[in-house]
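Input: a single structure, listed below in structure tokens.
Numbering (our numbering), first residue to last: 4 to 340.
Structure follows, in structure tokens:
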């Protein structure tokens with residue numbers, strides 16, 4: 004099928020595009036190559052598939068309404084995966100307007116494109132950050148998530164609500180995926196694994212927030228992409244048992260679904276660092292710091308709905324995933340063991 008993937012120069016978007024192309028699908032990639040982090044890394048990701056005969060690239064910004072409208076009208080995608088967004092919990096503290104432009108206005112343009120051009124299914128990225136002040140673990144899509152503690156999380160929660168309104172008003176099948184700390188080769192330089200690896204190899208201290216007591220549901224990128232492919236192929240449907248008297252946040256009387264997509268295992272940050280030290284063969288110099296504004300102490304996903312509905316099974320142990328990242332990092336940056 005023909006799939007529009009926004010954010011194809013990104014970490015997850017590039018991996019998804021390659022997987023779709025390998026399956027024989029046609030991919031329309033959409034990315035503005037912004038400079039939030041190293042543009043050369045983004046170009047290198049794209050270089051892996053930009054010349055594929057079934058790939059077409061659109062260099063534009065989701066906040067550009069005309070560009071998005073033209074893309075939908077010209078290419079007529081059957082399905083859409085929206086991964087383009089301004090990411091980063093901490094960056095939102097200092098650059099709030101960027102998050103609204105990209106994550107709210109940009110997502111509206113995607114919804115309008117889907118609405119007016121007969122898209123069969125919209126899959127979009129949400130985040131575990133929407134759980135915010137929630138503390139009941141593991142996080143479930145069937146519990147409320149109405150207390151975000153960062154603007155980034157608030158924009159993603161808004162995306163979920165916007166998608167529901169379009170599913171309800173126009174019958175647009177929409178599925179939101181709440182990602183839990185995705186990591187792996189070709190990852191984002193602003194994420195902990197990338198930052199820690201660079202600093203340890205350089206003999207520099209690493210900043211360990213919350214004194215290393217964070218717990219994270221680290222999820223390997225290949226497991227994420229496998230789950231996304233299965234979700235994309237299964238358009239959201241109406242929940243015939245849904246009741247407004249006892250409303251389930253994860254489904255609706257409209258064709259709308261929400262899923263957690265994680266590893267269903269919580270790993271403490273200090274253990275994560277210990278595994279990285281083993282893979283690098285070096286010890287980290289740790290600078291212990293308090294928790295940063297907008298961050299949450301723990302994330303832990305209940306993914307049973309995704310297991311039930313699409314057979315999702317994360318398979319990559321964190322030890323294997325970190326080793327794969329380190330091998331890629333050494334090769335990409337030409338760092339000797």
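For every residue, glycine included, the Cβ atom is placed at its ideal position computed from N, Cα and C.
Point to revise | Buried or exposed (CB count within 10 angstroms, at least 16 for buried), residue 18 | key: Within the chain shown, the letter at position 15 stands for residue 18. By the 10 Å Cβ count, residue 18 comes out buried.
Check your understanding: What separation, rounded to the nearest whole angstrom, lies between the Cα atoms of residue 5 and residue 294?
Key -> Indexing the chain shown from 1 puts residue 5 at position 2. Indexing the chain shown from 1 puts residue 294 at position 291. The straight-line gap from Cα to Cα measures roughly 43 Å.
Point to revise | Residues sharing a beta bridge with residue 301, DSSP | key: As a first step, residue 301 must be located in the chain shown, where it is residue number 298. In DSSP, residue 301 forms a bridge with 218.
Review point. Quick one: what's got a C-beta closer than 8 Å to residue 80's C-beta in the same chain, skipping five residues either side?
Key: One-based indexing of the chain shown puts residue 80 at position 77. Answer for residue 80: 5, 6, 7, 31, 120, 122, listed in chain order.
Check your understanding: Mind checking residue 36: buried by the 16 CB within 10 Å criterion, or exposed?
Key -> Taking the chain shown and counting its residues from 1, one reaches residue 36 at position 33. With fewer than 16 Cβ atoms within 10 Å of its Cβ, residue 36 is classed as exposed.
Check your understanding: Taking Cβ positions, are residue 183 and residue 91 nearer each other than 8 Å?
Key -> The residue you call residue 183 lines up with position 180 of the chain shown. The residue you call residue 91 lines up with position 88 of the chain shown. Residue 91 is positioned such that its CB atom lies no closer than 8 Å to that of residue 183.
Practice item. Closer than 6 Å by C-beta to residue 325: which residues in its own chain qualify, once you throw out the five before and the five after it? Chain order, please. Key: As a first step, residue 325 must be located in the chain shown, where it is residue number 322. Cβ within range, chain order: 278, 279, 282.
Review point. What are the boundary residues of the beta strand (DSSP E) that includes residue 4?
Key: Residue mapping note: residue 4 aligns to position 1 of the chain shown, counting from 1. Taken as a continuous stretch (DSSP letters only), residue 4 belongs to no beta strand (DSSP E), as it is neither H nor E.
Exercise for review: For the alpha helix (DSSP H) holding residue 39, just list the boundary residues, first then last.
Suggested key: Residue mapping note: residue 39 aligns to position 36 of the chain shown, counting from 1. Looking at the DSSP string, residue 39 is not in any alpha helix (DSSP H), and its letter there is neither H nor E.
Exercise for review: Check the DSSP bridge columns for residue 163 and list the partner residues they point to.
Suggested key: Position 160 of the chain shown, counted from the start, is the residue given in the question as residue 163. DSSP output for residue 163 lists no bridge partner at all.
Practice item. Could you have a look at residue 99 and say whether DSSP puts it in helix, strand or coil? Key: If you number the chain shown from 1, residue 99 lands on position 96. Residue state, collapsed to three classes: helix.
Review point. What number of angstroms, rounded off, separates the C-alpha of residue 319 from the C-alpha of residue 145?
Key: Counting from one through the chain shown, the residue named residue 319 turns up at place 316. Counting from one through the chain shown, the residue named residue 145 turns up at place 142. The alpha-carbon atoms of residue 319 and residue 145 are separated by roughly 26 Å.
Check your understanding: Taking the C-alpha atoms as reference points, what is the distance between residue 253 and residue 159?
Key -> Residue 253 sits at position 250 when you count from the first residue of the chain shown. Residue 159 sits at position 156 when you count from the first residue of the chain shown. In a straight line, the C-alpha of residue 253 is about 15 Å away from that of residue 159.
Practice item. Using the Cα positions of residue 83 and residue 70, report the straight-line distance between them to the nearest angstrom. Key: For this step, residue 83 is matched to residue 80 along the chain shown. For this step, residue 70 is matched to residue 67 along the chain shown. Separation of residue 83 and residue 70 (C-alpha to C-alpha, rounded to the nearest whole angstrom) is 16 Å.
**Study point:** Continuous beta strand (DSSP E) stretch holding residue 29: start and end
**Key:** Start at 1 with the first residue of the chain shown, and residue 29 comes out as number 26. Taken as a continuous stretch (DSSP letters only), the beta strand (DSSP E) holding residue 29 covers 29-34.
Practice item. Starting from the C-beta of residue 215, find all residues in its chain whose C-beta is less than 8 Å away, skip the five residues before and the five after it, and write them out in chain order. Key: On the chain shown, position 212 is the one that residue 215 refers to. Within the same chain, residue 215 has close Cβ partners 271, 272, 273, 276, 289, 291.
Review point. Are residue 257 and residue 167 close, meaning C-beta to C-beta below 8 Å?
Key: Start at 1 with the first residue of the chain shown, and residue 257 comes out as number 254. Start at 1 with the first residue of the chain shown, and residue 167 comes out as number 164. Yes. Within cutoff.
Review point. How big is the Cα-Cα spacing for residue 175 and residue 118?
Key: Translated into positions along the chain shown, residue 175 becomes position 172. Translated into positions along the chain shown, residue 118 becomes position 115. So the two alpha carbons sit approximately 7 Å from each other.
**Study point:** C-alpha distance - residue 192 paired with residue 15, whole-angstrom precision
**Key:** Taking the chain shown and counting its residues from 1, the one referred to as residue 192 is at position 189. Taking the chain shown and counting its residues from 1, the one referred to as residue 15 is at position 12. Between residue 192 and residue 15, the C-alpha separation is close to 13 Å.
Check your understanding: Does the distance from the CB of residue 11 to the CB of residue 20 come in under 8 Å?
Key -> Taking the first residue of the chain shown as 1, we reach residue 11 at position 8. Taking the first residue of the chain shown as 1, we reach residue 20 at position 17. In this structure, residue 20 lies closer than 8 Å to residue 11 by Cβ.
Point to revise | Assigned secondary structure, residue 85 (DSSP; H/G/I helix, E/B strand, else coil) | key: Locating residue 85 in the chain shown gives position 82, where the first residue counts as 1. Here residue 85 sits in strand by DSSP.
Exercise for review: Consult DSSP for residue 210 and reduce its assignment to one of helix, strand or coil.
Suggested key: As a position in the chain shown, residue 210 is number 207, starting the count at 1. Looking at residue 210 - three-state DSSP - the assignment turns out to be strand.
Practice item. Tell me whether the beta-carbon of residue 315 lies closer than 8 Å to the beta-carbon of residue 247. Key: The sequence position of residue 315 within the chain shown is 312, counting from 1. The sequence position of residue 247 within the chain shown is 244, counting from 1. No, these two residues do not count as a Cβ contact at 8 Å.
Review point. Comparing alpha-carbon positions, which option in 52, 39, 150, 137 lies nearest residue 102?
Key: Your numbering for residue 102 matches position 99 in the chain shown. Closest by alpha carbon: 39.
Point to revise | Residues bridged to residue 156 [DSSP beta-bridge criterion] | key: Locating residue 156 in the chain shown gives position 153, where the first residue counts as 1. Residue 156 is not bridged to any residue.
Practice item. Provide the residue(s) that pair with residue 2 in DSSP beta bridges, ordered along the chain. Key: Since the first residue shown for the chain is 4 and the last is 340, residue 2 is missing from the structure and cannot be characterised.
Practice item. Mark residue 222 as exposed unless 16 or more other C-beta atoms lie within 10 angstroms of its C-beta, in which case mark it buried. Key: Taking the chain shown and counting its residues from 1, the one referred to as residue 222 is at position 219. Residue 222 is buried by the Cβ-count criterion.
Practice item. Specify, as a first and last residue, the run of the beta strand (DSSP E) that residue 290 falls within. Key: What you label residue 290 is simply residue 287 of the chain shown in a count that begins at 1. 288-291 is the extent of the beta strand (DSSP E) around residue 290.
Check your understanding: Can you name, in chain order, every residue of its own chain whose Cβ lies under 7 Å from the Cβ of residue 328, other than the five neighbours on each side?
Key -> For this step, residue 328 is matched to residue 325 along the chain shown. Around residue 328: 186, 187, 188, 190, 196.
**Study point:** Cα-Cα separation between residue 154 and residue 100, rounded to whole angstroms
**Key:** Taking the chain shown and counting its residues from 1, one reaches residue 154 at position 151. Taking the chain shown and counting its residues from 1, one reaches residue 100 at position 97. Their backbone Cα atoms lie some 10 Å apart in a straight line.
Check your understanding: Between the C-alpha atoms of residue 112 and residue 65, what's the straight-line distance to the nearest angstrom?
Key -> By 1-based counting over the chain shown, the position of residue 112 is 109. By 1-based counting over the chain shown, the position of residue 65 is 62. Taking the straight line joining both Cα atoms gives about 7 Å.
Review point. Is residue 172 helix, strand or coil by DSSP?
Key: Here residue 172 refers to the residue found at position 169 when the chain shown is read from its first residue. DSSP places residue 172 in helix when its eight states are reduced to three.
Exercise for review: Can you grab the Cα-Cα spacing for the pair residue 98 / residue 89, in whole Å?
Suggested key: Counting from one through the chain shown, the residue named residue 98 turns up at place 95. Counting from one through the chain shown, the residue named residue 89 turns up at place 86. Their Cα atoms are separated by approximately 10 Å.
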